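Asks: Residue numbers (my numbering): 189 to 390.
Ideal Cβ placement from N, Cα and C applies to all residues, glycine included.
In this text the structure is predicted, and so the values were computed from the model without any measurement.
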């Protein structure tokens with residue numbers, strides 16, 4: 189069965205009463221946020237999610253581009269699915285609602301490692317590029333002027349460039365050099381519009 193599938197990876201916080209172990213209230217809140225949303229939409233006669241809400245708990249990852257990267261107390265992987273014959277506009281609106289609710293949960297249970305906020309990130313191979321995400325607008329003096337919504341691809345590129353994307357590119361360049369070609373030649377051979385927009389230097 190062909191499906192539409194949206195998944196996010198939420199970093200779990202450390203349990204203050206059990207150091208070194210994940211605290212699972214965040215996972216419970218993210219799960220129930222979608223159950224409540226589905227019931228709210230059903231009351232309006234809307235049924236965009238017609239298959240499943242799925243979740244699993246995994247560890248972190250040292251793979252540079254992994255959405256679990258740096259989640260040292262674990263990751264709550266949660267996804268929503270529907271058949272591909274569900275209207276894409278309706279599904280995209282639902283994805284945005286789901287994302288917004290998970291973002292509120294992530295803000296309620298922030299994970300900070302080495303003074304850096306560890307963000308929730310999408311499962312890169314599934315649907316997410318249609319999302320719009322609020323991003324702070326900062327003037328030349330560093331003063332926050334407000335927020336604007338930006339495409340998710342640009343948001344995550346900006347957010348992860350220094351911590352994940354740039355280090356990945358550096359390793360990719362080493363691989364390319366070892367094979368006798370350049371990273372630009374690699375992108376020319378294997379890239380596409382999404383990869384170029386997300387991974388290539390501007």
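Return the chain-ordered list of same chain residues with a C-beta closer than 7 Å to the C-beta of residue 268, the five sequence neighbours on each side being excluded.
Replies: Locating residue 268 in the chain shown gives position 80, counting from the first residue. Hits under 7 Å: 194, 222, 237, 241, 286.
Asks: The beta strand (DSSP E) with residue 245 in it runs from where to where?
Replies: Here residue 245 is taken as the residue at index 57 of the chain shown, counted from 1. Residue 245 -> beta strand (DSSP E) spans 241 to 246.
Asks: Please identify the residue among 374, 290, 217 whose C-alpha is closest to the C-alpha of residue 309.
Replies: The residue you call residue 309 lines up with position 121 of the chain shown. For the residues 374, 290, 217, the minimum Cα distance to residue 309 belongs to 290.
Asks: Please state the DSSP three-state secondary structure of residue 198.
Replies: Here the question's residue 198 lines up with position 10 in the chain shown. It is a strand residue.
Asks: Quick one: any contact between the stretch 271 to 282 and the stretch 209 to 224, if contact means 3 or more CB pairs under 8 Å?
Replies: Output reads no: the stretch 209 to 224 does not touch the stretch 271 to 282.
Asks: What are the start and end residues of the alpha helix (DSSP H) that includes residue 353?
Replies: Position 165 of the chain shown holds residue 353. No alpha helix (DSSP H) holds residue 353; DSSP gives it neither H nor E.
Asks: Quick check on residue 321: buried or exposed, where buried means 16 or more other Cβ atoms within 10 Å of its Cβ?
Replies: The residue labelled residue 321 in the question sits at position 133 within the chain shown. Buried, since its Cβ has 16 or more Cβ neighbours within 10 Å.
Asks: Would a C-beta distance cut-off of 9 Å place residue 259 and residue 300 closer than the cut-off?
Replies: For the purposes of this step, residue 259 is taken as residue 71 along the chain shown, with counting starting at 1. For the purposes of this step, residue 300 is taken as residue 112 along the chain shown, with counting starting at 1. Cβ distance not < 9 Å, so residue 259 and residue 300 don't count as in contact.
Asks: Among all the DSSP beta bridges, which residues are the ones paired with residue 370?
Replies: Position 182 of the chain shown, counting from 1, holds the residue named residue 370. DSSP lists no partner for residue 370.
Asks: Nearest to residue 206 by CA position, among 261, 246, 244, is which residue?
Replies: The residue given as residue 206 occupies position 18 in the chain shown. Ranking 261, 246, 244 by Cα distance to residue 206 puts 261 first.
Asks: Since residue 345 and residue 274 are thought to touch, with beta carbons under 8 Å apart, how far apart are those beta carbons, to the nearest angstrom?
Replies: As a first step, residue 345 is located in the chain shown; it is residue number 157 there, counting from the start. As a first step, residue 274 is located in the chain shown; it is residue number 86 there, counting from the start. About 29 Å; that fails the 8 Å criterion.
Asks: By Cβ distance, which residues of its chain are closer than 7 Å to residue 226, with the 5 residues on each side in sequence left out?
Replies: Along the chain shown, read from residue 1 onward, the residue named residue 226 stands at position 38. Around residue 226: 237.
Asks: Tell me whether the beta-carbon of residue 198 lies closer than 9 Å to the beta-carbon of residue 265.
Replies: Residue mapping note: residue 198 aligns to position 10 of the chain shown, counting from 1. Residue mapping note: residue 265 aligns to position 77 of the chain shown, counting from 1. Yes, these two residues count as a Cβ contact at 9 Å.
Asks: Within this structure, are the beta carbons of residue 324 and residue 335 separated by less than 9 Å?
Replies: By one-based count along the chain shown, residue 324 stands at place 136. By one-based count along the chain shown, residue 335 stands at place 147. In this structure, residue 335 lies closer than 9 Å to residue 324 by Cβ.
Asks: Using 10 angstroms around the beta-carbon of residue 218, count the other beta-carbons present and answer buried if the total reaches 16, otherwise exposed.
Replies: Along the chain shown, read from residue 1 onward, the residue named residue 218 stands at position 30. The residue in question, residue 218, is buried, as its Cβ has 16 or more Cβ neighbours within 10 Å.
Asks: If I follow the unbroken alpha helix (DSSP H) through residue 341, where does it start and stop?
Replies: For this step, residue 341 is matched to residue 153 along the chain shown. Its alpha helix (DSSP H) spans residues 340 to 348.
Asks: For residue 135, collect the residues of the same chain with a Cβ closer than 7 Å to its Cβ; drop the 5 residues on either side in sequence, then sort them by chain order.
Replies: Residue 135 cannot be examined here, being either before or after the span of the chain that is shown, 189 to 390.
Asks: Report back the beta-carbon spacing between residue 246 and residue 256 to the nearest angstrom; my notes put them in contact at under 8 Å.
Replies: Position 58 of the chain shown, counted from the first residue, corresponds to residue 246. Position 68 of the chain shown, counted from the first residue, corresponds to residue 256. Correct: roughly 6 Å between the Cβ atoms.
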